[in-house]
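Residue numbers (our numbering): -4 to 120.
Below, the structure is given as structure tokens:
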């Protein structure tokens, strides 16, 4: 499953990419191939996730792969500035081990919701 979401953020490129790294990326080295493993609770279940930096060409692009048991997710994050605003685009790709019936619209809507929240955070900061 592949889809793309985008937002326009009323802030400069440095502010947007700094906030993105602080809020959205766990890995602090940003070197291609570097991995970070973390866990979080989803309901009563603990989920362990691996985050791998595929490539980093900031401030323009950051590609990150996320893996949890049975799910692989690649996110291509792109940032471009024009007239003091930043276009933030995320291309998401999911591969499921069990090939479940997935509601792509729910995934797309959740990603868009998270990007809108990020936009709000950056603009209000």
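Note that beta-carbon positions come from the ideal geometry of N, C-alpha and C, so glycine has one too. Since we're looking at a predicted model, the values are computed, not measured.
Among 4, -1 and 96, which residue has its Cα nearest to the Cα of residue 82? Closest by alpha carbon: 4.
Top-ranked residue by Cα proximity to residue 63, from 72, 55, 52 and 42: Ranking 72, 55, 52 and 42 by Cα distance to residue 63 puts 42 first.
What number of angstroms, rounded off, separates the C-alpha of residue 56 from the C-alpha of residue 117? Distance between the alpha carbons of residue 56 and residue 117 is about 18 Å.
Rounded to the nearest angstrom, how far is the Cβ of residue 151 from that of residue 11, given a contact under 8 Å? With the chain running from -4 to 120 in the structure shown, residue 151 is simply not present.
DSSP on residue 73, reduced to helix/strand/coil? Look at residue 73 here: in three-state DSSP terms it is strand.
Would you say residue 60 and residue 76 are within 8 Å of each other, going by their C-beta atoms? Between residue 60 and residue 76, the gap from beta carbon to beta carbon reaches 8 Å or more.
Let me make sure I understand the geometry here. Which of 100, 88 and 114 has the alpha-carbon closest to that of residue -3? Closest in C-alpha terms to residue -3, from the list 100, 88 and 114, comes 88.
How would you label residue 72, buried or exposed, when you count the other beta carbons within 10 angstroms and need 16 or more for buried? Under this definition residue 72 is a buried residue.
Using only the alpha-carbon positions, how far apart do residue 98 and residue 104 sit? Taking C-alpha positions only, residue 98 is separated from residue 104 by approximately 10 Å.
Could you check the C-alpha separation between residue 22 and residue 96 for me, to the nearest Å? Between the C-alpha atoms of residue 22 and residue 96 there is a straight-line separation of about 31 Å.
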